[in-house]
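Enquirer: Quick mapping for you: the protein sequence lines, in order, are chains A and B.
175 is the number that our numbering gives to position 175 of the first sequence; each next residue is one higher, with no gaps.
1135 is the number that our numbering gives to position 135 of the second sequence; each next residue is one higher, with no gaps.
Glycine included, each C-beta is placed from N, C-alpha and C at the ideal position.
On a predicted model such as this, the values are computed, not experimentally measured, just so you know.
For reference, the structure I am asking about is given below.
Number of protein chains: 2
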Amino acid sequence: MNIRTLCLGILNFGDATGYEIKKLSSEGRFSYYIDASYGAIYPALTRLHEEGMISLREEHQEGKPTRKVYSITEEGRQEFIANLSVDPAPDKFKSQFLFLMMCAENLTPDQIKKIIDGRISYLKCECSHMDEVREHCDHAGSQFVIGYGRAMCQAALKYMEDNREFAEQIGKDTINVEAAE
Amino acid sequence: MNIRTLCLGILNFGDATGYEIKKLSSEGRFSYYIDASYGAIYPALTRLHEEGMISLREEHQEGKPTRKVYSITEEGRQEFIANLSVDPAPDKFKSQFLFLMMCAENLTPDQIKKIIDGRISYLKCECSHMDEVREHCDHAGSQFVIGYGRAMCQAALKYMEDNREFAEQIGKDTINVEAAE
DNA sequence: TACGTCATATAACGGTTTGATATATAATTT
DNA sequence: AAATTATATATCAAACCGTTATATGACGTA
């Protein structure tokens, strides 16, 4: 799924500027499973507008750049709907935390402990962020999606709490092995 | 975390060719949280070799291209360890499935059902793939990481089974709304 | 006075996708 | 049985897509 479809999808929920699309994708109710950058959004919007998929309304403001508010057109809606019919691609997931855990025998027990503590507070933060988003949103699709994200987050937290001792042991074992050599 | 560090990390587990690094990252025990492409791996290995971070042993074969087997050097190991000390970046997660669910009111009940069925079999497939990887691997870090992935996968399956009716209702509601208009 | 928010935009960089090249073996179709 | 197609091994480059970093600038807040 490319940014083109992503912009159309967000605009299908309501008019927005490039700035707002960015915020929705990295902080709003889309943020759990999407993250687009300005460098991709602005050129995509320009092209979508040239092709008539979205229309533009300029709101001039004093001291600030002109707000360029985009709306999806009937043509754009059709392209968007057509794109929804293709089979969804597999999820993409990248985690530097898991990579670090995989290499835990190269870390000191102290480092491992710090990383795990950081992970748990990161997950708690994500979790409460999703709770917040869920409260301010009664759209059914959003409820389902945020609920999914929350379930993942809670499962991760539970796993971390149940298995942190095992992970911390890796660092301690390595020290003993090195001492024995 | 860039491919450079990723290649060093995989080579720190043992010698490998570019081809094998790719397989490990998209099918092996790293695949749950990493995925690198040939187009990134080969240039990275070439550069790493030029810089003395990895050494090269060529194995000539009949009919096939020469196998270029890389090993991490002491210098490479030092760079790798140094890179493990930085705070892990937040996870990156992208899901076309969740995007589709977010837009469920634009889909027919039939489409939603098909997407959910596909999702459940995808998750089951991922889950059994992880079980398989876990069995063939008694390295502690791998156990922790695969266990994490498995926990996520099972939580996703449970959520899907508990909430599929809710999601399927979205499509049916939309039809009724449209009929009423 | 420095940082966070609003707002658009581009250049440099990094990584993915696609496809070229080449052979052997396994599976499927005719 | 023969022919075709898919899969696995193995490296690599070009085209394309998206991220990161940065420029610009004003307003509000700590």
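1. Do the segment 1112 to 1125 of chain B and the segment 1047 to 1058 of chain B meet, that is, are 3 or more Cβ pairs less than 8 Å apart?
2. Please identify, using Cβ separations under 9 Å, the residues of the segment 88 to 109 of chain A that lie next to chain B, in order along the chain.
3. Out of A:Tyr70, A:Phe97, A:Ala16, which has the shortest C-alpha to C-alpha gap to Val1145 of chain B?
4. Alpha carbon to alpha carbon, how far is Glu1181 of chain B from His136 of chain A?
5. Strictly by DSSP, which residues pair up with Arg57 of chain A?
6. So, helix, strand or coil for Phe30 of chain A, using DSSP?
7. For the candidate residues A:Tyr33, A:Met1, A:Arg29, whose alpha-carbon lies nearest to that of Phe13 of chain A?
8. At 7 Å on the CB atoms, spell out the chain A contacts of Ser1142 of chain B, in chain order.
9. Which chain A residues are close to Asn1148 of chain B, counting only those with a beta carbon under 7 Å from its beta carbon?
10. Could I get the ranges of all uninterrupted alpha helix (DSSP H) runs contained in the segment 1079 to 1143 of chain B, with 4 residues as the minimum, in chain order?
11. Given a threshold of 16 other Cβ atoms within 10 Å of its Cβ, counted over all protein chains shown, does Leu8 of chain A qualify as buried or as exposed?
12. Are the segment 87 to 94 of chain A and the segment 60 to 67 of chain A in contact at 8 Å, needing three or more beta carbon pairs?
13. List, in chain order, every chain A residue whose beta-carbon is nearer than 9 Å to that of Asn1176 of chain B.
14. Nearest-angstrom Cα distance between Glu75 of chain A and Asp138 of chain A?
15. Grouping DSSP H, G and I as helix and E and B as strand, with all else coil, what is Ala1155 of chain B?
16. Rounded to the nearest angstrom, how far is the Cβ of Met1152 of chain B from that of Met152 of chain A, given a contact under 8 Å?
17. Is it true that the CB of Tyr1070 of chain B sits closer than 7 Å to the CB of Leu1011 of chain B?
18. Just checking my contact of Leu123 of chain A with Leu100 of chain A at CB under 8 Å: how many whole Å lie between their CB atoms?
19. Are the beta-carbon atoms belonging to Ala36 of chain A and Gly1141 of chain B less than 7 Å from one another?
20. Where do the ends of the alpha helix (DSSP H) carrying Thr17 of chain A lie?
21. Between A:Phe80, A:Glu62, A:Glu27, A:Glu161, which has its C-alpha nearest Ile3 of chain A's C-alpha?
22. With DSSP collapsed to three states, give me the class of Lys172 of chain A.
23. Which word fits Tyr33 of chain A, buried or exposed, when buried means at least 16 other C-beta atoms lie within 10 angstroms of its C-beta?
24. For Met53 of chain A, I'd like the list of residues in its chain whose CB is within less than 8 Å of its CB, leaving aside the five on either flank, ordered along the chain.
25. Beta-carbon within less than 8 Å of Asp1173 of chain B's beta-carbon, same chain only, minus the 5 sequence neighbours each way: which residues are those?
26. Which term fits Lys92 of chain A, buried or exposed, when burial requires 16 or more other beta carbons within 10 angstroms of its beta carbon?
27. Please classify Ile1041 of chain B as buried or exposed, where buried requires at least 16 other C-beta atoms within 10 Å of its C-beta.
28. Taking Tyr1159 of chain B and Tyr159 of chain A to be in contact with their CB atoms under 8 Å, please state how far apart those CB atoms are, rounded to whole angstroms.
Expert: Short version:
1. no
2. Pro88, Ala89, Pro90, Asp91, Lys92, Phe93, Lys94, Ser95, Gln96, Phe97, Leu98, Phe99, Leu100, Met101, Met102, Cys103, Ala104, Glu105, Asn106, Leu107
3. Position 145 of the second sequence, counted from the start, is the residue given in the question as residue 1145 of chain B. Of the candidates A:Tyr70, A:Phe97, A:Ala16, the one whose C-alpha sits nearest the C-alpha of Val1145 of chain B is A:Phe97.
4. Taking the second sequence and counting its residues from 1, one reaches residue 1181 of chain B at position 181. Taking the first sequence and counting its residues from 1, one reaches residue 136 of chain A at position 136. Cα to Cα, the separation comes out at about 28 Å.
5. Taking the first sequence and counting its residues from 1, the one referred to as residue 57 of chain A is at position 57. DSSP lists A:Val69 as partners of Arg57 of chain A.
6. In the first sequence, counting from the first residue as 1, residue 30 of chain A sits at position 30. Reduced to three states, the DSSP call for Phe30 of chain A is coil.
7. Here residue 13 of chain A corresponds to residue number 13 of the first sequence, with the count starting at 1. Looking at the Cα atoms, A:Arg29 is the closest of the given residues.
8. Translated into positions along the second sequence, residue 1142 of chain B becomes position 142. The answer, in chain order, is Met102.
9. Counting from one through the second sequence, the residue named residue 1148 of chain B turns up at place 148. The amino acid at residue 1148 of chain B is misidentified as Asn; the sequence shows Tyr. What Tyr1148 of chain B touches in chain A: Leu98, Tyr159.
10. 1096 to 1102, 1109 to 1135
11. For this step, residue 8 of chain A is matched to residue 8 along the first sequence. Buried.
12. no
13. Position 176 of the second sequence, counted from the first residue, corresponds to residue 1176 of chain B. What Asn1176 of chain B touches in chain A: nothing, since even the nearest Cβ is about 13 Å away.
14. In the first sequence, residue 75 of chain A corresponds to position 75, counting from 1. In the first sequence, residue 138 of chain A corresponds to position 138, counting from 1. The straight-line gap from Cα to Cα measures roughly 28 Å.
15. Looking up residue 1155 of chain B in the second sequence gives position 155. Helix, per DSSP.
16. Within the second sequence, the letter at position 152 stands for residue 1152 of chain B. Within the first sequence, the letter at position 152 stands for residue 152 of chain A. The Cβ separation is near 6 Å, so the contact holds.
17. Along the second sequence, read from residue 1 onward, the residue named residue 1011 of chain B stands at position 11. Along the second sequence, read from residue 1 onward, the residue named residue 1070 of chain B stands at position 70. In this structure, Tyr1070 of chain B lies closer than 7 Å to Leu1011 of chain B by Cβ.
18. Walking along the first sequence from the start, residue 123 of chain A turns up at place 123. Walking along the first sequence from the start, residue 100 of chain A turns up at place 100. Actually they are not in contact, since the Cβ atoms of Leu123 of chain A and Leu100 of chain A sit about 15 Å apart, beyond 8 Å.
19. Position 36 of the first sequence, counted from the start, is the residue given in the question as residue 36 of chain A. Position 141 of the second sequence, counted from the start, is the residue given in the question as residue 1141 of chain B. No, the pair does not count as a contact, with Cβ atoms beyond the cut-off.
20. Along the first sequence, one-based indexing puts residue 17 of chain A at 17. Counting along the chain, Thr17 of chain A falls outside any alpha helix (DSSP H), and DSSP gives it neither H nor E.
21. As a first step, residue 3 of chain A must be located in the first sequence, where it is residue number 3. Selected option, being the one with the closest Cα: A:Phe80.
22. Taking the first sequence and counting its residues from 1, one reaches residue 172 of chain A at position 172. It is helical.
23. Locating residue 33 of chain A in the first sequence gives position 33, where the first residue counts as 1. Tyr33 of chain A is buried by the Cβ-count criterion.
24. For this step, residue 53 of chain A is matched to residue 53 along the first sequence. Residues Leu8, Ile72, Thr73, Glu75, Gly76, Glu79 of the same chain have their beta carbon placed closer than 8 Å to that of Met53 of chain A, with the five preceding and five following residues left out of the count.
25. Counting from one through the second sequence, the residue named residue 1173 of chain B turns up at place 173. Cβ neighbours of Asp1173 of chain B beyond the five flanking positions: Glu1105.
26. For the purposes of this step, residue 92 of chain A is taken as the residue at position 92 of the first sequence. Here Lys92 of chain A is exposed, its C-beta having fewer than 16 other C-beta atoms within 10 Å.
27. Taking the first residue of the second sequence as 1, we reach residue 1041 of chain B at position 41. Burial of Ile1041 of chain B is indicated by the presence of at least 16 other C-beta atoms within 10 angstroms of its C-beta.
28. Taking the first residue of the second sequence as position 1, residue 1159 of chain B is located at position 159. Taking the first residue of the first sequence as position 1, residue 159 of chain A is located at position 159. 15 Å between Cβ atoms; not a contact.
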